[in-house]
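In what follows, a single structure is set out as structure tokens and then discussed.
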Amino acid sequence: MNRHAIWAIYRFEMARTGRTLLQSIAAPVISTSLYFIVFGAAIGARMEQIDGVSYGAFLVPGLIMLAVLTESISNASFGIYMPRYSGTIYEVLSAPVSFVEIVLGYVGAAATKSVILGSIMLVTARMFVDFTILHPFWMAGFLVLTSVTFSLFGFIIGIWAQGFERLQIVPMMIVTPLAFLGGSFYSISMLPPFWQQVTLFNPVVYLVSGFRWSFYGSADVAVAISFGMTCLFLLGCLLVVWAIFRTGYRLWP
Amino acid sequence: MNPADAIIRVEGVGKTYQSGFQALKGIDLSIRRGEIFALLGPNGAGKTTLIGIICGLVKPTSGRVLADGHDIRKDYRQAREKIGLVPQELTTDVFESVWATVRFSRGLFGKAPDDAHLERVLRALSLWDKRDSRIAALSGGMKRRVLIAKALAHEPEILFLDEPTAGVDVELRREMWALVRGLRSQGVTVVLTTHYIEEAEEMADRIGVIDQGELVLVEDKAVLMQRLGQRQLTLFLQRPVEALPPELAEYRLDLSADGSRIVYRFDGKDDPGSIPSLLRRLLASGIDFKDLQTRQSSLEEIFVGLVGARR
């Protein structure tokens, strides 16, 4: 194991985060705060409680998941796409590193950033609404699991993308709708039965549901299923990454 | 060559890109430990593809490469640790500082931090004063040196320089040559590609000429120049003559239009004693000269002859 290489890539990526602190941490915190003000404080006051939880508090896990999801994808995809675009990736590809080390460096850094972001948002949310965390261990677990999984997913997009437009298109056209329709803002039990069934094909439902369970002990989907589905998605991403390096897709001509 | 002397062995390496373009056609090549080897060829000849394969950036379609005895695919870790690559394009992380980027390179190649080594490298490249500068703020020549520093950060035994002096001014080119010689004196093997023939002529111990994916020849530079080099002797006469004496017909001599100069063209295959005998016979014929000049054809002329003959 070339641990110096993992550390070098990780540090490089974290330094990039440091340089872009405003857009990578501050921007999502501000936009999420706006959600809390609009949905939590203004509209939330007129909403009924959901499963005994005030709407403002109900929103907290959903909004954090939404931000962690989108930021993981955006960070990880950008992290690997930029060196491909600028050509500096030659160095990584000619270095004595295995794909495991490359992935640990890039995805590890992106996931770290997402966990930091999620934690900051948790603290920010506490300033707007009152909530408790019933299962802090599971909460942290889901946060890390989601960060890693979607950083992997972003890494895949960053290798697949052949232009900045494509880099944006998957997050914009697929992930954002899935996240919005994944129960971030509502409980899927509020939907008509048909749409409840359709929603179960949306992987984000399981992430949000599991995460919300760790806060309030109640969820749309049984927590074991949430956990299982998230792990399944993680496994799927790992398989794709393995295949990318196995075949050299878009990396080795 | 004794196989143990070869630090790089390229065996039957071919590359056909997905587009169907055959960039390399079964290349066999050994690079000797400690030499400066110049790979010469026109644009698109396959130089960068060959380097890319050895450094692990391009998958060969056939053949294999050993770096210091390690197969570059099976034992990629051991092989790659020994290799440093300076790419042709100025691809740098523009937002990074010089210091951060060389530290990154060292770590990436699996070496523990060694700031003293990195300082030596940066000083040797006159980059030490710029260590805290962002790469974006550096000139093109400085960026080129940063790329060299990155390639040397992990103390490689073999350094590949892909077109090191493309678009570089004369002064920097001289510096670059001095640097490469300095590396060789430290025992580093240097392989450089170039399409500047003067660069190969100036630097290389051996030269390989590659054209259309084939290695046309590999030869010691001196031997190559001698074997293929046309030489020319010009005699400036005391008094112009109207015609050459018939007894000198066996030499291929040319008389200038005004009769003041005689030009003798010969090559490495000619009898080395031909010049003294020519001079004696000229004097015997009563042709006196006041000055003489010899000229050896440059590698460029050899190269154009070689590649041109294949077209």
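Protein chains in written order, with the numbering used here: chain A, -9 to 243; chain B, 2 to 312. For each residue, glycine too, the CB sits at the ideal point set by N, CA and C. In this text, all values refer to a predicted model and were calculated from it rather than measured experimentally.
Spell out the partners DSSP gives residue i in its beta bridges.
i        : result
A/Tyr71  : A/Tyr71 pairs with nothing; no bridge assigned.
A/Val43  : A/Ile40
B/Ala7   : B/Arg33
B/Ala179 : DSSP lists no partner for B/Ala179.
B/Val191 : B/Ile37 and B/Leu160
B/Tyr265 : B/Leu234 and B/Leu254
A/Val58  : Per DSSP, none; premise fails for A/Val58.
B/Glu12  : B/Arg65
B/Gln23  : B/Thr17
B/Ser98  : B/Arg135
Tell me whether residue i sits in a helix, a strand or coil according to DSSP, three-state version.
i        : result
B/Ser31  : strand
A/Tyr196 : helix
B/His71  : strand
B/Tyr18  : coil
A/Ile178 : helix
B/Ile211 : strand
B/Leu42  : This sequence places Gly at residue 42 of chain B; Leu is not what is there. Correct three-state label for B/Gly42: coil.
B/Ala154 : coil
B/Glu220 : strand
B/Ile84  : strand
B/Gly260 : coil
B/Lys112 : coil
A/Phe154 : helix
B/Leu307 : helix
B/Gln294 : strand
B/Arg281 : helix
A/Arg14  : First, the amino acid is wrong: residue 14 of chain A is Ser here, not Arg. In this structure, A/Ser14 counts as helix in the three-state DSSP scheme.
B/Gln89  : coil
B/Pro241 : coil
A/Thr7   : helix
A/Phe121 : coil
A/Ala214 : helix
Answer with yes or no whether the minimum CB distance from residue i to chain A is below 9 Å.
i        : result
B/Pro43  : no
B/Gly306 : no
B/Lys75  : no
B/Gln23  : no
B/Ala117 : no
B/Thr93  : yes
B/Lys144 : no
B/Ala101 : yes
B/Glu156 : no
B/Ala80  : yes
B/Lys48  : no
B/Arg107 : yes
B/Gly35  : no
B/Tyr18  : yes
B/Lys112 : yes
B/Lys151 : yes
B/Leu86  : yes
B/Arg104 : yes
B/Glu97  : yes
Beta-carbon of residue i versus every beta-carbon of chain B: anything under 9 Å?
i         : result
A/Asn65   : no
A/Trp(-3) : yes
A/Gly98   : no
A/Gly144  : no
A/Gly153  : no
Below 8 Å on the Cβ atoms is my guess for residue i versus residue j; work out the distance and round it to an integer in Å.
i        : j        : result
A/Ser67  : A/Leu157 : 6 Å
A/Ala101 : A/Val160 : That belief does not hold up - the Cβ atoms of A/Ala101 and A/Val160 are roughly 18 Å apart, past 8 Å.
B/Pro157 : B/Val87  : Not really, about 10 Å apart at Cβ, beyond 8 Å.
B/Ser31  : B/Ala7   : 4 Å
A/Val119 : A/Phe184 : Rounded, the Cβ-Cβ distance is 32 Å, inconsistent with contact.
Mind checking whether the beta-carbon of residue i lies closer than 8 Å to any heavy atom of the ligand SAH?
i        : result
A/Cys227 : What this structure holds is no ligand at all, so the ligand SAH is not there to describe.
Chain C partners of residue i, CB-CB under 7 Å?
i       : result
B/Glu90 : Protein chains A and B are contained in the structure displayed, whereas chain C is not.
Members of the region 73 to 94 of chain A near chain B, C-beta cut-off 9 Å: If the cut-off is 9 Å between Cβ atoms, the region 73 to 94 of chain A has Pro73, Ser76, Gly77, Thr78, Ile79, Tyr80, Glu81, Val82, Leu83, Ser84, Ala85, Pro86, Val87 and Ser88 near chain B.
Residues of the region 1 to 32 of chain A with Cβ closer than 8 Å to any Cβ of chain B, in chain order: Listed by position, the residues of the region 1 to 32 of chain A near chain B (Cβ gap below 8 Å) are Arg1, Phe2, Ala5, Arg6 and Arg9.
Members of the region 221 to 242 of chain A that neighbour chain B once the beta carbon cut-off is set at 8 Å: Gly238 and Trp242
Chain-ordered residues of the region 185 to 199 of chain A with a beta carbon less than 7 Å from chain B: When C-beta distances to chain B are compared with 7 Å, every residue of the region 185 to 199 of chain A stays at or above that value.
Selection of the region 122 to 141 of chain A by Cβ proximity to chain B, strictly under 7 Å: none
Interface residues of the region 54 to 74 of chain B facing chain A [CB-CB below 8 Å]: Cys56, Gly57, Leu58, Val59 and Lys60
Members of the region 235 to 253 of chain B near chain A, C-beta cut-off 8 Å: none
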